[in-house]
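The numbering of the first sequence is my numbering, which starts it at 99 and goes up by one. To start, the structure itself, in structure tokens.
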Amino acid sequence: MAWSSLKALRENPDLLRDSLKKRYKPTKLVDRALELDIRWREAITRINKLRERRNEINKEIPKSKNEEREKLIDESKGLGIKIKNLENTMKTLSEERDRILASLPSIIHESVPEGPDETYNVPIRFWGIPKVLRSKLDKFREETKGFDVEHMILDWEPKGHADQLEIILRQGDTIKAADLSGKRFFYLFKDIVWLEHALIMFALDHITSKGFIPVIPPYMLRRKYYLGVTDLETFEDSIYKIEGEDLYLIATSEHPLIAMHAGDTFREEELPRLYVGVSPCFRKEAGTHGKDTKGIFRVHQFNKVEQVVYSKPEESWEWHERLIKNAEELYQALEIPYRIVNIAAGDLGAPAAKKYDLEAWFPAQGRYRELVSCSNCVDWQSYRLRIKLDRKGRREFVHTLNSTALATTRTICAILENHQREDGTVKIPKILRKYLKIFEAAPKEEIIPLKEKPLKE
RNA sequence: GCCGGGGUGCCCUAGCCCGGUAGGGGGCUGGCCUGGAGAGCCAGUGGCCCAUUGGGCCGCGAGGGUUCGAAUCCCUCCCCCGGCGCCA
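So, in structure tokens, the structure goes:
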């Protein structure tokens, strides 16, 4: 064990306690870990003394003979038993201590708003001119409180993304998918397939142009690496296991992109390290029953382009801002109005010290919904996976950050609502044209409702 | 999946058969030397514990076992290389 949590535990346990309080989590564990650590240190000191003595004896054994030799061997055996016993107590102590340390969340950043849940999230900026239904004006004012957001009143009622996809455009089918695979699965057809591919290419193109290295990662990880990258709670609520094997389907390419450097030591000039992952994401969505049951907003499987940064500790907050800006550029280009929200302490996952969400405006729902999540995990992941920074003899842990660039299904939902016209067609954002024109069968300007479904009705 | 060979510190490599202080080279960092650089020479270059200088323990892919003592012997697993098989 080294550094960060352990160091904080020994040198400044109040730092851990305060952070836990802000997250509305109990602080008892800190005291327990502190006590275990003290006892562990006593035990290891005693063991080291015994081991030293045994090593001395063992050195004498080859030089001695007959009775003296027998005597030494006996003494060494006796020490061996004592050592083994102490090692067992020590192991028990360190295991419990480490289990507690591993369960402790990141120490939150001072700019994170306090509060127990998402109602305490703080919007920090708005972009675009949202289309607001007259009937949803109150909700809009509530969601933009404190900001004077320029908006446009809609006099016709746009369809929700789910109905737009399945009933109007007839290019998606979650009913059929539910028969075969269950709820939260989907078929997408025709223009939506081209749209999906264009979105991925656009996001990849934009992010790689900023120096990010594109990566297709493994879609499964071993448990050991999975727990290096996320906390148990998330793990259990969202990760699918491969039966009979120590393998888990990834919930985001962030996970294999971070585990990729487990055990590595970066030299200072090798940082920052920028990656952009493209992969499917698999999520159980346990505990979300009843939420977003229609359409493809919340599904078990989707494709995502993801930004990942390894940075020097002192530069990570700057990178956090840059990552969210990169994501914003994508949604500005797609002409989707959005707001950036600073997530409250109580709503933060364990790895993150601070998180921004980018939430797109959904006219039919009259609310902003999460499309992007951008976190600074500081040294939480790097500590567990031993990803270090070599600083002239001193060792530090790098900081890791991740941010969605673009998740296809949710972005499609946002396009279907925001670019919907009264006649049921959907305007395709201009930025996507160059990624569509290479395909003969792809739509270029707009998506038009099909006369009949691709599937039997 | 089967057979064979391998995994040693940041990198390469010796040691393994036959158990007894992990050796050499390269790189990097610092120092000496130099007008400056290079060469050369010296030292440092994994983790942990105690401590004032300093001392000690652990560490040879991972975990277990045998032994007074394991890089070395035994078992299980992971990964890499070669061959065979299967396969989009």
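Glycine included, C-beta positions come from ideal geometry on N, C-alpha and C.
Item	Value
Beta-carbon proximity check, Ser204 vs Ala450, cutoff 8 Å	yes
Contact under 8 Å by Cβ, Arg365 with Tyr408	no
Contact the segment 495–504 vs the segment 386–397: 3+ CB pairs below 8 Å	no
Sufficient close CB pairs (3 or more, under 8 Å) joining the segment 206–213 to the segment 428–443	yes
Ile545 to Asp271 span [Cα, whole Å]	16 Å
Secondary structure of Trp225, DSSP reduced to three states	strand
Neighbourhood of Glu550 by C-beta, 6 Å cutoff - its chain only, sequence neighbours within 5 removed	none
Where Met99 sits in the DSSP three-state scheme	With a pLDDT of 39 at Met99, under the threshold of 50, the predicted position of this residue should be treated as unreliable, though the coordinate-derived value follows. DSSP places Met99 in coil when its eight states are reduced to three.
Same chain, Cβ closer than 7 Å to Glu457, neighbours up to 5 away in sequence not counted	Tyr436, Arg437, Val439, Tyr466, Arg467, Glu468 and Leu469
Whether Phe98 touches Leu347 by CB criterion (8 Å)	Residue coverage of the chain in this structure runs from 99 to 555, which leaves residue 98 outside it and unanswerable.
Rounded separation between Gly464 and Leu231 - CA only	7 Å
Range of the contiguous alpha helix (DSSP H) that encloses Arg236	The displayed chain sequence assigns Asp, not Arg, to residue 236. First-last of the alpha helix (DSSP H) with Asp236: Leu235 to Glu241.
Leu113, buried or exposed, once every other Cβ within 10 Å from all chains shown has been counted against 16	exposed
Buried versus exposed, by CB contacts within 10 Å (16 or more), Arg121	buried
Entirely enclosed alpha helix (DSSP H) segments - the segment 435–497, minimum 4 residues	478–483
Bridge partner(s) assigned by DSSP for Thr506	Note: Thr506 sits in no beta bridge, so no partner.
According to DSSP, residues forming a beta bridge with Phe363	A quick correction: the sequence has Thr, not Phe, at residue 363. The partner list for Thr363 (beta bridge, DSSP) reads Lys486.
Of the listed residues Pro312, Asp488, Leu104 and Ala425, nearest to Tyr502 (C-alpha basis)	A small correction: the amino acid at residue 502 is Thr; Tyr does not occupy that position in the sequence shown. When each option's Cα is compared against that of Thr502, the closest is Ala425.
Through-space distance from Ile251 to Lys229, alpha-carbon basis	6 Å
Separation of Lys528 from Glu543, as counted between CA atoms	8 Å
Supposed contact pair Asn516 and Ile434 - C-beta distance, whole angstroms, cut 8 Å	5 Å
Between the CA atoms of Glu383 and Lys257 - distance to the nearest angstrom	25 Å
Complete runs of the alpha helix (DSSP H) confined to the segment 160–205 [at least 4 residues]	164–201
Rounded separation between Glu352 and Val327 - CA only	9 Å
Residue closest to Gln479, alpha-carbon to alpha-carbon, out of His418, Glu413 and Tyr323	Tyr323
Supposed close pair Tyr373, Val313 - CB separation, criterion 8 Å	5 Å
Sequence-distant residues of its chain with Cβ nearer than 8 Å to His304 (five each side left out)	Asn424, Glu427, Leu428, Ala431 and Ala503
Identity of the residues DSSP links to Val220 by a beta bridge	Asn440
Limits of the alpha helix (DSSP H) - the one that Val327 falls within	Arg321 to Val327
Cβ separation of Ala357 and Leu483, assumed to be a contact under 8 Å, to the nearest whole Å	6 Å
Local conformation of Tyr373 per DSSP, three classes	strand
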